[in-house]
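Take a look at the structure below.
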Amino acid sequence: MKSADKSVWTGYAHLAISVGSKEKVDELCQRFLADGFEVKSGPRTTGDGYYEAVILDPEENEIEITI
């Protein structure tokens, strides 16, 4: 019997939270930075038009903050 392919990943990609405005995305991003969290990207407008920032939680899960 062949062993399972351990390179196959299952689970969620990230958690996204809509906060309602660019200003709130910016504010929360700054708050997370001040509290020592890593900002992976943003705040920025993505190629498909979303305004977002991506924060890493202590276990390196991606938390997307968007409008």
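For what it's worth, the UniProt record's numbering labels the leading residue of the sequence shown as 1, then goes sequentially. C-beta: ideal position from N, C-alpha, C; glycine also.
Of the residues the options, the one placed nearest residue i, counting alpha carbons only
i   : options               : result
D48 : D35, E62 and T66      : T66
P58 : G36, E52, Y51 and P43 : G36
T46 : V8, E64 and Y12       : E64
Alpha-carbon spacing of residue i relative to residue j, whole angstroms
i   : j   : result
E60 : E23 : 25 Å
V19 : T10 : 27 Å
E52 : H14 : 13 Å
Q30 : Y12 : 25 Å
Distance CB(residue i)-CB(residue j) smaller than 8 Å
i   : j   : result
V25 : K40 : no
L56 : E27 : no
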